[in-house]
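Under our numbering, the first residue of the sequence shown carries the number 2, and numbering increases by one thereafter.
Using N, Cα and C, we set each Cβ at its ideal position, and we do this for glycine too.
Heads up, the thing below is written out as structure tokens.
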Amino acid sequence: MISARIDGELESTNDARLDTHTQGCPACASYQDDAFSLRRSLRMRAVEPEPETELVVDLVGSMKGLSILRIALFVIGGTLVVLNVASILSPDGGAASHLSRHDGIFGTALGIGMLAVAGKPHRAIGLVPLTSTIAVLMAIAAAADLLNGQANLLSEAEHVVEFGGLVCLWAISGGPSRIPLHVKAVTRRLPARQSSHDISRLGSHQEPAL
Numbered sequence: 002m003i004s005a006r007i008d009g010e011l012e013s014t015n016d017a018r019l020d021t022h023t024q025g026c027p028a029c030a031s032y033q034d035d036a037f038s039l040r041r042s043l044r045m046r047a048v049e050p051e052p053e054t055e056l057v058v059d060l061v062g063s064m065k066g067l068s069i070l071r072i073a074l075f076v077i078g079g080t081l082v083v084l085n086v087a088s089i090l091s092p093d094g095g096a097a098s099h100l101s102r103h104d105g106i107f108g109t110a111l112g113i114g115m116l117a118v119a120g121k122p123h124r125a126i127g128l129v130p131l132t133s134t135i136a137v138l139m140a141i142a143a144a145a146d147l148l149n150g151q152a153n154l155l156s157e158a159e160h161v162v163e164f165g166g167l168v169c170l171w172a173i174s175g176g177p178s179r180i181p182l183h184v185k186a187v188t189r190r191l192p193a194r195q196s197s198h199d200i201s202r203l204g205s206h207q208e209p210a211l
């Protein structure tokens, strides 16, 4: 009869009988209170913000940081262009000059790409794979040259600039800052542990006989 009352299916005559019974039966009264409490907890839940609202708040909050990153990327891109354009315009001949000119063209193109992203940040994700590959290979080559004594820290300083550009590109494109949002979106779809525990706890007790 308690289950019928919870479901709204208890007839008026039985409703009065149940009230009379629960007044003199602590077990049934306690079971009824627990059942109604569980029903309310399952039907009511805290209002969660919509994903669109979270995205807008996150975007507005990160606008200042994005502007700083764009300025930094603009400076880095311009620096790469200035450092490498001299190699392109070098009048010296020979195989070494030829390789240096090719490196200069590559570095200049990378700098121009960073300048383009500084102007239009939505293009950042397209340049991240290329810049990541360059940074890793350059780091390996620079370490090898330093260990072999073929280069010094000053001559390898340009690679630090390239790595700084990679960090800016990664941050502008979203990078690891979006991981918490994805985790939160997944966990939001998981059932509440408290509700499952309450259901199993209530299911382990049978309704007292009237």
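A straight line joining the alpha-carbon of arginine 102 with that of leucine 170 spans about 26 angstroms. Per the Cβ contact rule, the region 108-119 is in contact with the region 77-92 (3 or more Cβ pairs under 8 angstroms). By the criterion of at least three beta-carbon pairs nearer than 8 angstroms, the region 113-121 is not in contact with the region 151-161. Around the C-beta of isoleucine 69, fewer than 16 other C-beta atoms lie within 10 Å, and the residue is accordingly described as exposed. At least 8 angstroms separates the beta-carbon of valine 162 from that of leucine 74. Here leucine 167 really is in contact with serine 133; their C-beta atoms are around 6 angstroms apart, less than 8 angstroms.
Leaving aside the five residues that flank glycine 165 on each side, the residues in its chain whose CB is nearer than 7 angstroms to its CB run, in chain order, Ile77. Of all alpha-carbon atoms in Ala140, Arg6, Ile135 and Lys185, the one lying nearest the alpha-carbon of glutamine 33 is that of Arg6.
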